[in-house]
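Heads up: the structure comes next, in structure tokens.
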DNA sequence: CCGATACGCAACGGTGTCGTTTCGAAAGCT
DNA sequence: AGCTTTCGAAACGACACCGTTGCGTATCGG
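Chains as they are written, first to last, in the working numbering: chain A, 3 to 212; chain B, 3 to 212.
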């Protein structure tokens, strides 16, 4: 989607409407395999810098040529791979703000336990400085939808009066998501039961007196 | 401190009390330079995996031999380097829990803006899975002291009645630190003024109604 | 069937890092 | 002085990737 259609593109067919470029068409299966292999390697803890084209090709059961034919560099390949990540966010009930927040945070906790998501999170943290363009894309497809989901619920709470009208939505967002992020990274594994519920309830009620 | 004293150690001097091992002593300056170079490279965004001994030696103005003589592998070197990191935590006034929390979070925010700390944080996030032993050490010297500082203040608040007696200290901790972490990573740069204060106040008062 | 293109595979020369070894000089001790 | 150990520097053979090229085969349109 980024640097696709390098070789032909709009060229290739001789001004003949929407005809095929002639010759053997590119294998969709190979493309999928390459992207899958890339995501797999990342999910196994590979940083973007250590990702080798050779490893990707080998894992995908594909020649290096096939990769170089489609992507001119590693960053583009990774960018396209990240772009295929769907965000299967859990549906929220829409009844109680508290319940919806718990649903979202619990989903976040579950996702954090999966290799794929966890290592993608790592990439988002560590490679953000080195590959800003890549990260802009990643944030857009992976972080932003989730942030938006939480923000929407919080905003709805403000509108309906379930939450105070004067709160800072961004800070609330950070307190909720950040607490879960913190816990999944550095908190012990002991206190995972009902964690989402405890976070939400405590952020709702506050820790100050009364 | 980890794999030190590989070559001689208790051996070297012939059962003669605490005598020198004879021969030219190891240069303390070289050792410091090596560790500094290691931390510098990490601070420049180098992941643990990409760290090359050659680069460290070159940066430190030292022969590779000197490094291999002291550390048998990269992980030990990094571990020892991390161990030298002091935690210059800001002193807290000890008067108001709110003020102390703001002080700590503001310090966290400041630190997050510095290259050294930021990249160390990245390492803590991304290399945690691949180098668990290394990370255990890192968490101990870098993460835990800061966590303890916040936890102590929160606990003090509970004891003195400045905070509710029934709160979950760990969750409070995660909400405060996590909110700051979240914001420094993915929050916009716009809302940084008075961020610590806003987080603390909102976590104190809660976002629920009344 | 023919021409065109993509496929997987293997090989190319080039580069960077590995961990080790050798070297002459330096720095400590007796 | 003589002995011992470390120092920085340079070179070693080995390996992993790089990005490219050539090869024989597979798969499309005409």
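We put the CB at the ideal spot given by N, CA and C, even for glycine. Everything numeric in this text was worked out from a predicted model, so none of it was measured.
Chain B within 8 angstroms of residue i, Cβ atoms only
i                      : result
residue 158 of chain A : no
residue 164 of chain A : yes
residue 145 of chain A : yes
residue 198 of chain A : no
residue 210 of chain A : yes
residue 170 of chain A : yes
residue 72 of chain A  : no
residue 132 of chain A : yes
residue 187 of chain A : yes
residue 45 of chain A  : no
residue 111 of chain A : no
residue 96 of chain A  : no
residue 155 of chain A : no
residue 65 of chain A  : no
residue 176 of chain A : yes
residue 201 of chain A : yes
residue 183 of chain A : yes
residue 138 of chain A : no
residue 115 of chain A : no
residue 180 of chain A : yes
residue 51 of chain A  : yes
Backbone secondary structure at residue i - three-state DSSP
i                      : result
residue 163 of chain B : coil
residue 157 of chain A : helix
residue 88 of chain A  : coil
residue 130 of chain A : coil
residue 188 of chain A : helix
residue 22 of chain A  : coil
residue 52 of chain B  : coil
residue 47 of chain A  : coil
residue 28 of chain A  : coil
residue 104 of chain A : helix
residue 111 of chain A : helix
residue 211 of chain A : coil
residue 93 of chain B  : coil
residue 74 of chain A  : coil
residue 6 of chain A   : The pLDDT assigned to residue 6 of chain A is 45, lower than 50, so where the model puts this residue is not dependable; a value taken from the coordinates is nonetheless given after this. Correct three-state label for residue 6 of chain A: coil.
residue 11 of chain A  : Its pLDDT being 36, under 50, residue 11 of chain A is placed unreliably in this model, and the coordinates cannot settle the point.
residue 179 of chain A : helix
residue 60 of chain A  : helix
Minimum Cβ-Cβ distance from residue i to chain A less than 8 angstroms
i                      : result
residue 77 of chain B  : no
residue 207 of chain B : yes
residue 80 of chain B  : no
residue 55 of chain B  : no
residue 1 of chain B   : Missing from the structure shown is residue 1 of chain B; chain B here goes from 3 to 212 and no further.
residue 19 of chain B  : Low confidence applies here, because residue 19 of chain B scores a pLDDT of 41, under 50, leaving its location unreliable; read the following figure in that light. No, residue 19 of chain B does not count as interfacial toward chain A.
residue 83 of chain B  : no
residue 122 of chain B : no
residue 152 of chain B : no
residue 60 of chain B  : no
residue 193 of chain B : yes
Selection from the options that minimises the alpha carbon distance to residue i
i                      : options                    : result
residue 166 of chain B : B/88, B/206, B/114, B/122  : B/206
residue 131 of chain A : B/197, B/117, B/86, B/171  : B/117
residue 64 of chain B  : B/34, B/88, B/74           : B/34
residue 92 of chain B  : B/103, B/168, B/135        : B/103
residue 136 of chain B : B/160, B/172, B/173, B/83  : B/83
residue 119 of chain B : A/123, A/128, A/114        : A/128
residue 48 of chain A  : B/189, B/163, B/52         : B/52
residue 90 of chain A  : A/142, A/147, A/75         : A/147
residue 112 of chain B : B/27, B/204, B/74, B/196   : B/196
residue 45 of chain B  : B/193, B/164, B/124, B/162 : B/124
residue 88 of chain B  : B/115, B/163, B/62, B/141  : B/141
residue 1 of chain B   : B/62, B/72, B/61           : What is shown of chain B runs 3 to 212, which leaves residue 1 of chain B out entirely.
residue 172 of chain A : B/192, B/121, B/164        : B/192
residue 176 of chain B : A/185, A/163, A/145, A/114 : A/185
residue 188 of chain A : B/149, B/25, B/159         : B/149
Close beta carbons around residue i, own chain, < 8 angstroms, minus the five adjacent residues each side
i                      : result
residue 155 of chain A : 94, 99, 102, 103, 106
residue 66 of chain B  : 55, 56, 59
residue 209 of chain A : none
residue 17 of chain A  : Note that residue 17 of chain A scores a pLDDT of 37, beneath 50, so its modelled location is shaky; the value from the coordinates is reported in the next line. Within the same chain, residue 17 of chain A has no close Cβ partners at all.
residue 139 of chain A : 81, 84, 85
residue 109 of chain B : 91, 92
Own chain residues within Cβ distance below 7 angstroms of residue i, not counting five before or after
i                      : result
residue 58 of chain B  : 36, 39, 40, 43, 69
residue 201 of chain A : 107, 178, 181, 182
residue 133 of chain B : 50, 77
Inter-residue CB distance, residue i and residue j (contact presumed, cutoff 8 angstroms)
i                      : j                      : result
residue 50 of chain A  : residue 80 of chain A  : 6 angstroms
residue 152 of chain B : residue 126 of chain B : With 8 angstroms as the limit, residue 152 of chain B and residue 126 of chain B do not qualify as a contact, their Cβ atoms being about 16 angstroms apart.
residue 211 of chain B : residue 190 of chain A : Contact flag wrong, Cβ pair sits at about 32 angstroms.
residue 204 of chain B : residue 174 of chain A : 7 angstroms
Close-in-space but distant-in-sequence residues of the same chain around residue i (CB under 6 angstroms, 5 per side omitted)
i                      : result
residue 199 of chain A : 104
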